[in-house]
Amino acid sequence: MSEEPRPNETKPWSASVFTLFPDMFPGPLGLSLAGEGLRADRWSLDVHDIRLHGLGRHRAVDDTPAGGGAGMVMRADVLGACIDANLPPGDARPRLLMSPRGKPLTQSRARALAQGEGLVLICGRFEGYDERVIEGRGLEEISIGDYVLSGGELAAMVVLDACVRLLPGIMGKAVSGEEESFENNRLEYPHYTRPREWEGRIIPDVLLSGDHARIRAWREAEAERITRERRPDLLVKE
Ligand code: SAH
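Written out as structure tokens, the structure reads:
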């Protein structure tokens, strides 16, 4: 008899989130494909309230910036204690700290993260974090784009959504993940569906020709054209 473990016996891809607003989770990730996957144990989510490790009667998690200036800074001791209390020693998952200073998330990074064991995501608030916790707990700063949000929770959800949809069994057809925007440094070609004519606009003939080689060539050319027009930087990456 075969001793090979069956796929459904392996541990699912797991995400651990650290936040001051645990009630925000799973939020949108509890609905649609990600939510169905969560209920089917295709991935797991545990959420940790940083406030539980806050100091004193008011469970303070932040303090004024050394050197002065506006805003408050999340304390390294509080965040460090919360991480230590909730991550088992030897937890090898990447520890991502949501931060506009971080390396921008890309589709290829999401794909690499989805192929791992899971993720630890830490959500900031206020001005940011005490710099020492980044090195002290081996955190990697990651950004979801060049704009500033009020907190890391939405950013963490973006990172999670981008990864979770790539996990086995989440999307109906695996191929739809391989042909879409940013795969092969191209934006996606245009889509059409019934009706054939809508408000005088018609579906390009080639798509109704049944000639799969021509259809593929048309889609490749359109993807190339759209990428050249909108995101020439992607073509340079090749
Ligand atoms: N003072 C900081 C911004 C703090 S915004 C700076 O200038 O860089 C508060 C928190 O929101 C951050 O700690 C981070 O967790 C989150 N955040 C804001 N914008 C983000 C982005 N583009 N990507 C990821 N996280 C972000």
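Mapped onto our numbering, the consecutive letters of the sequence shown carry residue numbers -15 to 222.
Cβ coordinates follow ideal geometry from the N, Cα and C atoms, glycine included.
With which residues is methionine 82 paired in a DSSP beta bridge? In the sequence shown, the residue the question calls residue 82 occupies position 98. According to DSSP, which records beta bridges pairwise, methionine 82 is partnered with Ile126.
Between alanine -1 and leucine 105, is the Cβ-Cβ spacing less than 8 Å? The sequence position of residue -1 within the sequence shown is 15, counting from 1. The sequence position of residue 105 within the sequence shown is 121, counting from 1. Taking 8 Å as the Cβ cut-off, alanine -1 and leucine 105 qualify as a contacting pair.
What whole-angstrom Cβ distance do leucine 218 and asparagine 169 have, given they're in contact under 8 Å? Working through the sequence shown from its first residue, we reach residue 218 at position 234. Working through the sequence shown from its first residue, we reach residue 169 at position 185. 5 Å between Cβ atoms; contact.
Between phenylalanine 110 and glycine 55, which are expected to be in contact by the criterion C-beta below 8 Å, what is the C-beta distance as a whole number of angstroms? Along the sequence shown, read from residue 1 onward, the residue named residue 110 stands at position 126. Along the sequence shown, read from residue 1 onward, the residue named residue 55 stands at position 71. Contact flag correct, Cβ pair sits at about 6 Å.
From which residue to which residue does the beta strand (DSSP E) around alanine 205 run? One-based indexing of the sequence shown puts residue 205 at position 221. Counting along the chain, alanine 205 falls outside any beta strand (DSSP E), though it belongs to the alpha helix (DSSP H) covering 196 to 214.
The ligand SAH heavy atom lying under 7 Å from the CB of arginine 43: Residue mapping note: residue 43 aligns to position 59 of the sequence shown, counting from 1. Every heavy atom of the ligand SAH is 7 Å or more from the Cβ of arginine 43, so no.
Glycine 21: first and last residue of the uninterrupted alpha helix (DSSP H) it sits in: Sequence index remark: in the sequence shown, residue 21 carries index 37 (1-based). Where glycine 21 is concerned, the enclosing alpha helix (DSSP H) stretches over 16 to 23.
Name the residue from Leu29, Ala24, Thr177 whose alpha carbon lies nearest to the alpha carbon of glycine 11. Counting from 1 along the sequence shown, the entry for residue 11 is found at position 27. Cα-wise, what sits closest to glycine 11 is Leu29.
Should aspartate 114 and valine 45 be called a contact, given that it needs their Cβ atoms to be closer than 8 Å? For the purposes of this step, residue 114 is identified with residue 130 of the sequence shown, where counting begins at 1. For the purposes of this step, residue 45 is identified with residue 61 of the sequence shown, where counting begins at 1. No, the Cβ-Cβ distance between aspartate 114 and valine 45 is not below 8 Å.
Please identify the residue among Asp47, Glu137, Pro188 whose C-alpha is closest to the C-alpha of arginine 203. Within the sequence shown, numbered from 1, the residue matching residue 203 stands at position 219. Answer by Cα proximity: Pro188.
For histidine 42, count neighbouring C-beta atoms within 10 Å of its own C-beta (all shown protein chains included) and say buried if the count is 16 or more, exposed if not. Locating residue 42 in the sequence shown gives position 58, where the first residue counts as 1. Exposed, because fewer than 16 other Cβ atoms sit within 10 Å of the Cβ of histidine 42.
What is the DSSP secondary structure of methionine 56, counted as helix, strand or coil? For the purposes of this step, residue 56 is taken as residue 72 along the sequence shown, with counting starting at 1. DSSP places methionine 56 in coil when its eight states are reduced to three.
Could you give the distance in angstroms between the alpha-carbon of alanine 197 and the alpha-carbon of glutamate 164? Reading the sequence shown from its first residue, position 213 is the one you call residue 197. Reading the sequence shown from its first residue, position 180 is the one you call residue 164. Taking the Cα positions, alanine 197 is about 19 Å away from glutamate 164.
From Leu4, Trp182, Arg200, residue whose alpha carbon lies closest to that of valine 190: Locating residue 190 in the sequence shown gives position 206, counting from the first residue. Put simply, of Leu4, Trp182, Arg200 the residue whose alpha carbon is nearest the alpha carbon of valine 190 is Arg200.
Could you check whether glycine 108 and glycine 135 sit closer than 8 Å to each other, using their CB atoms as the reference points? On the sequence shown, position 151 is the one that residue 135 refers to. On the sequence shown, position 124 is the one that residue 108 refers to. It is a contact, given that the beta carbons lie within the stated cut-off.
With distances taken Cα to Cα, identify the nearest neighbour of arginine 59 among Ile118, Arg77, Ala69. The count along the sequence shown starts at 1 and reaches residue 59 at position 75. Closest by alpha carbon: Ile118.
Which residue comes first and which comes last in the alpha helix (DSSP H) that contains serine 92? On the sequence shown, residue 92 is found 108 positions in, with the first residue counted as 1. Start and end: 91 to 98.
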